[in-house]
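Below: one structure, written as C-alpha coordinates.
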Amino acid sequence: MKDNLQFRVSAELKNILGRDLITSPDIAILELVKNSYDAHASKVEITFDDDYLSIADNGKGMSKDDLINKWLFVAYSAKSDGTEDKSYRNKFKRHYAGAKGIGRMSCDRLAKKLVLTTRSAEENKTNVLHVDWSSFELSKQAEFDTIDIPHETLDIIPNFPLSSATGTILEFSDLHLLWSHEDIKRLRKSLEKMINPFSGTDDDFQIEIIAPKMKEDDEKAKSSHDIVNGIIGNSIADVLKLKTTQIESRIQS
111 MKDNLQFRVS AELKNILGRD LITSPDIAIL ELVKNSYDAH ASKVEITFDD DYLSIADNGK
171 GMSKDDLINK WLFVAYSAKS DGTEDKSYRN KFKRHYAGAK GIGRMSCDRL AKKLVLTTRS
231 AEENKTNVLH VDWSSFELSK QAEFDTIDIP HETLDIIPNF PLSSATGTIL EFSDLHLLWS
291 HEDIKRLRKS LEKMINPFSG TDDDFQIEII APKMKEDDEK AKSSHDIVNG IIGNSIADVL
351 KLKTTQIESR IQS
(Lines of atoms letter the chains of each structure in order from A and count residues from 1; the text may use other names and numbers.)
(Lines give C-alpha, C1' and ligand atoms only; values in the text may rest on other atoms or scores of the structure.)
Protein backbone atom coordinates (compact mmCIF):
# COMPACT_ATOMS: atom_id res chain seq x y z
CA MET A 1 0.00 0.00 0.00
CA LYS A 2 1.32 3.42 -0.99
CA ASP A 3 0.19 6.86 0.09
CA ASN A 4 1.53 10.41 0.35
CA LEU A 5 2.75 12.18 3.46
CA GLN A 6 3.32 15.89 4.09
CA PHE A 7 5.70 17.92 6.20
CA ARG A 8 4.29 19.50 9.33
CA VAL A 9 5.68 22.88 10.41
CA SER A 10 6.16 23.71 14.07
CA ALA A 11 5.45 27.20 15.41
CA GLU A 12 9.17 27.12 16.26
CA LEU A 13 9.72 28.15 12.61
CA LYS A 14 9.05 31.69 13.79
CA ASN A 15 12.28 31.66 15.80
CA ILE A 16 14.32 30.00 13.06
CA LEU A 17 13.35 32.59 10.44
CA GLY A 18 13.18 35.45 12.93
CA ARG A 19 15.45 35.85 15.93
CA ASP A 20 17.84 33.03 15.01
CA LEU A 21 18.38 34.25 11.44
CA ILE A 22 18.20 38.01 11.98
CA THR A 23 21.18 38.45 14.27
CA SER A 24 20.70 42.05 15.43
CA PRO A 25 17.96 44.71 15.72
CA ASP A 26 19.90 46.91 13.29
CA ILE A 27 19.68 44.22 10.61
CA ALA A 28 15.99 43.72 11.40
CA ILE A 29 15.20 47.40 10.80
CA LEU A 30 17.36 47.43 7.67
CA GLU A 31 15.38 44.48 6.27
CA LEU A 32 12.08 46.23 6.98
CA VAL A 33 13.30 49.47 5.37
CA LYS A 34 14.27 47.39 2.32
CA ASN A 35 10.63 46.25 2.18
CA SER A 36 9.54 49.91 2.18
CA TYR A 37 11.98 50.64 -0.62
CA ASP A 38 10.66 47.68 -2.63
CA ALA A 39 7.11 48.96 -2.01
CA HIS A 40 8.16 52.09 -3.94
CA ALA A 41 8.15 54.41 -0.93
CA SER A 42 9.93 57.74 -1.27
CA LYS A 43 9.93 58.40 2.49
CA VAL A 44 10.35 56.23 5.58
CA GLU A 45 9.97 57.57 9.10
CA ILE A 46 11.44 55.58 12.01
CA THR A 47 10.17 56.75 15.40
CA PHE A 48 11.58 55.85 18.84
CA ASP A 49 9.73 56.69 22.06
CA ASP A 50 10.24 54.71 25.32
CA ASP A 51 8.90 51.17 24.80
CA TYR A 52 7.69 52.00 21.29
CA LEU A 53 9.14 51.85 17.81
CA SER A 54 7.43 52.49 14.49
CA ILE A 55 8.47 52.26 10.85
CA ALA A 56 6.12 54.16 8.54
CA ASP A 57 6.36 54.50 4.76
CA ASN A 58 4.39 56.08 1.92
CA GLY A 59 4.71 53.09 -0.39
CA LYS A 60 1.97 51.34 -2.33
CA GLY A 61 0.64 49.54 0.77
CA MET A 62 -1.14 46.20 0.87
CA SER A 63 -4.69 45.02 0.27
CA LYS A 64 -6.28 42.24 2.31
CA ASP A 65 -5.44 39.87 -0.51
CA ASP A 66 -1.80 40.99 -0.34
CA LEU A 67 -1.73 40.34 3.39
CA ILE A 68 -3.12 36.83 2.99
CA ASN A 69 -1.20 35.75 -0.10
CA LYS A 70 2.07 37.63 0.43
CA TRP A 71 2.80 38.97 3.93
CA LEU A 72 1.27 36.00 5.79
CA PHE A 73 2.64 33.50 3.26
CA VAL A 74 5.94 32.73 4.98
CA ALA A 75 9.05 32.58 2.75
CA TYR A 76 7.02 33.43 -0.36
CA SER A 77 8.33 36.36 -2.39
CA ALA A 78 6.34 37.87 -5.25
CA LYS A 79 9.52 39.75 -6.17
CA SER A 80 11.47 36.58 -6.87
CA ASP A 81 8.76 34.87 -8.92
CA GLY A 82 8.14 37.96 -11.07
CA THR A 83 4.53 38.60 -10.08
CA GLU A 84 5.12 41.80 -8.12
CA ASP A 85 3.52 44.98 -9.51
CA LYS A 86 5.37 45.80 -12.74
CA SER A 87 3.76 49.19 -13.33
CA TYR A 88 5.40 50.59 -10.21
CA ARG A 89 8.68 48.94 -11.17
CA ASN A 90 8.75 50.74 -14.51
CA LYS A 91 7.78 54.03 -12.89
CA PHE A 92 10.42 54.00 -10.15
CA LYS A 93 13.16 52.11 -12.02
CA ARG A 94 14.43 50.39 -8.88
CA HIS A 95 16.13 47.07 -8.39
CA TYR A 96 14.68 45.05 -5.53
CA ALA A 97 16.60 45.39 -2.27
CA GLY A 98 15.20 42.11 -0.91
CA ALA A 99 13.65 39.05 -2.52
CA LYS A 100 13.85 36.17 -0.03
CA GLY A 101 10.41 36.58 1.53
CA ILE A 102 11.62 36.55 5.15
CA GLY A 103 12.09 40.27 5.85
CA ARG A 104 8.70 40.33 7.60
CA MET A 105 10.07 37.88 10.18
CA SER A 106 12.50 40.61 11.24
CA CYS A 107 9.62 41.99 13.30
CA ASP A 108 10.13 39.20 15.83
CA ARG A 109 13.70 40.37 16.48
CA LEU A 110 12.46 43.84 17.49
CA ALA A 111 9.52 43.24 19.82
CA LYS A 112 6.92 40.83 21.14
CA LYS A 113 3.98 42.74 19.70
CA LEU A 114 3.35 44.25 16.28
CA VAL A 115 0.48 46.25 14.85
CA LEU A 116 0.65 46.43 11.06
CA THR A 117 -1.50 49.12 9.45
CA THR A 118 -1.60 49.33 5.67
CA ARG A 119 -3.69 50.80 2.87
CA SER A 120 -3.42 50.37 -0.89
CA ALA A 121 -5.00 52.12 -3.85
CA GLU A 122 -6.79 48.86 -4.72
CA GLU A 123 -9.12 49.05 -1.72
CA ASN A 124 -11.11 51.77 0.00
CA LYS A 125 -10.21 50.24 3.36
CA THR A 126 -7.30 50.26 5.78
CA ASN A 127 -6.17 46.80 6.92
CA VAL A 128 -4.78 46.22 10.42
CA LEU A 129 -3.02 43.08 11.70
CA HIS A 130 -2.30 42.45 15.39
CA VAL A 131 0.61 40.04 15.80
CA ASP A 132 1.66 38.71 19.19
CA TRP A 133 4.86 36.80 18.51
CA SER A 134 4.80 35.22 21.97
CA SER A 135 1.69 33.26 20.93
CA PHE A 136 3.99 31.18 18.70
CA GLU A 137 6.02 30.17 21.76
CA LEU A 138 3.27 28.67 23.94
CA SER A 139 3.91 25.15 22.66
CA LYS A 140 6.58 23.70 20.39
CA GLN A 141 4.03 21.08 19.39
CA ALA A 142 1.70 23.74 17.95
CA GLU A 143 1.70 24.01 14.16
CA PHE A 144 2.69 27.30 12.59
CA ASP A 145 -0.46 27.75 10.52
CA THR A 146 -2.81 27.19 13.47
CA ILE A 147 -1.82 30.42 15.27
CA ASP A 148 -4.52 33.07 14.77
CA ILE A 149 -3.55 36.60 13.68
CA PRO A 150 -6.37 39.09 14.47
CA HIS A 151 -7.32 41.30 11.52
CA GLU A 152 -9.61 44.31 11.20
CA THR A 153 -10.52 46.90 8.58
CA LEU A 154 -10.93 50.64 9.12
CA ASP A 155 -12.30 53.47 6.99
CA ILE A 156 -9.77 56.08 8.15
CA ILE A 157 -6.59 56.95 6.26
CA PRO A 158 -3.61 56.65 8.63
CA ASN A 159 -0.94 59.31 9.00
CA PHE A 160 1.46 58.03 6.35
CA PRO A 161 4.63 60.05 5.56
CA LEU A 162 4.15 63.07 3.29
CA SER A 163 0.35 62.77 3.79
CA SER A 164 0.23 59.87 1.35
CA ALA A 165 -3.07 58.07 0.76
CA THR A 166 -1.25 54.73 0.71
CA GLY A 167 1.51 53.16 2.76
CA THR A 168 2.36 50.86 5.64
CA ILE A 169 3.01 51.50 9.33
CA LEU A 170 4.67 48.92 11.59
CA GLU A 171 4.20 49.69 15.29
CA PHE A 172 6.22 47.70 17.82
CA SER A 173 5.67 47.46 21.57
CA ASP A 174 7.17 45.34 24.34
CA LEU A 175 10.54 45.90 22.69
CA HIS A 176 13.45 43.51 23.11
CA LEU A 177 15.83 46.51 23.16
CA LEU A 178 15.26 49.91 24.75
CA TRP A 179 17.14 52.01 22.24
CA SER A 180 19.80 54.39 23.54
CA HIS A 181 21.33 57.37 21.75
CA GLU A 182 24.35 55.25 20.83
CA ASP A 183 22.11 52.45 19.53
CA ILE A 184 20.25 54.81 17.20
CA LYS A 185 23.49 56.42 16.06
CA ARG A 186 24.79 52.98 15.09
CA LEU A 187 21.51 52.27 13.28
CA ARG A 188 21.81 55.49 11.27
CA LYS A 189 25.22 54.36 10.06
CA SER A 190 23.76 51.01 8.98
CA LEU A 191 20.88 52.65 7.11
CA GLU A 192 23.21 54.91 5.10
CA LYS A 193 23.66 52.13 2.56
CA MET A 194 20.00 52.56 1.55
CA ILE A 195 20.58 56.18 0.55
CA ASN A 196 21.74 57.19 -2.91
CA PRO A 197 24.70 59.55 -2.32
CA PHE A 198 23.96 61.37 -5.57
CA SER A 199 20.76 63.39 -5.72
CA GLY A 200 18.70 64.18 -8.80
CA THR A 201 17.93 60.60 -9.84
CA ASP A 202 14.70 58.62 -10.25
CA ASP A 203 15.84 56.54 -7.29
CA ASP A 204 15.47 59.22 -4.58
CA PHE A 205 14.65 57.63 -1.23
CA GLN A 206 14.56 59.34 2.14
CA ILE A 207 14.81 57.93 5.68
CA GLU A 208 14.13 60.08 8.73
CA ILE A 209 14.79 59.24 12.37
CA ILE A 210 12.35 60.76 14.87
CA ALA A 211 13.42 60.39 18.52
CA PRO A 212 11.91 63.23 20.59
CA LYS A 213 13.56 62.14 23.83
CA MET A 214 17.01 62.14 22.21
CA LYS A 215 16.93 65.81 21.24
CA GLU A 216 18.73 66.87 24.41
CA ASP A 217 21.57 64.46 23.62
CA ASP A 218 21.63 65.77 20.05
CA GLU A 219 22.10 69.31 21.36
CA LYS A 220 25.20 68.16 23.26
CA ALA A 221 26.65 66.40 20.20
CA LYS A 222 30.11 67.56 19.16
CA SER A 223 29.57 66.88 15.45
CA SER A 224 26.72 66.30 13.03
CA HIS A 225 27.67 62.59 12.90
CA ASP A 226 26.60 62.25 16.55
CA ILE A 227 23.06 63.58 15.96
CA VAL A 228 20.37 60.91 15.64
CA ASN A 229 17.27 62.96 14.76
CA GLY A 230 16.70 64.01 11.16
CA ILE A 231 17.14 62.85 7.59
CA ILE A 232 19.82 60.22 7.00
CA GLY A 233 22.47 61.15 4.46
CA ASN A 234 25.13 59.01 2.80
CA SER A 235 28.58 60.26 3.81
CA ILE A 236 30.27 58.55 0.84
CA ALA A 237 29.51 61.64 -1.24
CA ASP A 238 31.57 63.78 1.16
CA VAL A 239 34.41 61.26 1.04
CA LEU A 240 34.42 61.29 -2.74
CA LYS A 241 34.64 65.08 -2.77
CA LEU A 242 37.76 64.90 -0.63
CA LYS A 243 39.48 61.99 -2.35
CA THR A 244 38.68 62.42 -6.02
CA THR A 245 39.53 64.89 -8.73
CA GLN A 246 36.78 66.40 -10.83
CA ILE A 247 37.44 67.79 -14.30
CA GLU A 248 34.94 70.05 -15.99
CA SER A 249 35.22 71.02 -19.67
CA ARG A 250 33.19 73.02 -22.16
CA ILE A 251 33.32 72.90 -25.94
CA GLN A 252 32.76 76.20 -27.65
CA SER A 253 32.38 76.47 -31.39
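The sequence shown begins at 111 in my numbering and counts up by one. Here a beta-carbon is modelled for each residue, glycine too, at the ideal position from N, C-alpha and C.
Please report how far the alpha carbon of residue i lies from the alpha carbon of residue j, in whole angstroms.
| i | j | result |
| --- | --- | --- |
| ILE259 | PRO271 | 26 angstroms |
| THR311 | ILE257 | Because THR311 carries a pLDDT of 45, less than 50, the predicted location of this residue cannot be relied on, and the following value inherits that uncertainty. Computed Cα separation, rounded: 44 angstroms. |
| LEU239 | ILE126 | 22 angstroms |
| ALA231 | ASP176 | 12 angstroms |
| ALA331 | LEU226 | 34 angstroms |
| THR157 | ILE165 | 7 angstroms |
| GLU233 | ILE178 | 14 angstroms |
| HIS335 | PRO307 | 16 angstroms |
| LEU248 | ASP130 | 18 angstroms |
| ILE266 | LYS299 | 35 angstroms |
| ILE320 | ILE341 | 9 angstroms |
| SER274 | ASP148 | 17 angstroms |
Quick one: residues in its chain with C-beta nearer than 7 angstroms to the C-beta of residue i, no 5 flanking neighbours on either side, listed in chain order?
| i | result |
| --- | --- |
| ALA138 | ILE132, SER216, ARG219 and LEU220 |
| GLY245 | The question names Gly, but residue 245 in the sequence shown is Ser. Closer than 7 angstroms at Cβ, skipping near neighbours: ILE257. |
| GLU79 | No information on residue 79 is available, as it lies outside the stretch 111 to 363 that the chain covers here. |
| LYS325 | ASN339 |
With C-beta atoms as the reference, is residue i less than 9 angstroms away from residue j?
| i | j | result |
| --- | --- | --- |
| LYS295 | VAL241 | no |
| GLY171 | THR276 | yes |
| SER146 | GLY128 | no |
| ASN344 | GLU302 | yes |
| LEU163 | PHE315 | no |
| LYS124 | HIS261 | no |
Looking only at DSSP bridge pairs, what is residue i linked to?
| i | result |
| --- | --- |
| GLY340 | ILE319 |
| ASP167 | VAL154 and THR278 |
| SER283 | TYR162 and LYS223 |
| THR236 | LEU264 |
| SER134 | DSSP output for SER134 lists no bridge partner at all. |
Which same chain residues end up closer than 8 angstroms to residue i when comparing Cβ atoms and leaving out the 5 residues on each side of it in sequence?
| i | result |
| --- | --- |
| LEU287 | PRO135, LEU220 and ASP293 |
| ASP161 | SER283, ASP284, LEU285 and LEU288 |
| ALA252 | SER120, ALA121 and PHE246 |
Considering only residues of the same chain and omitting the five flanking positions on each side of residue i, which have a CB-CB separation below 6 angstroms?
| i | result |
| --- | --- |
| LYS153 | ASN168, PRO271, LEU272 and GLN316 |
| ARG229 | GLY171, THR236 and THR276 |
| LYS323 | none |
| GLU141 | GLY213 and SER216 |
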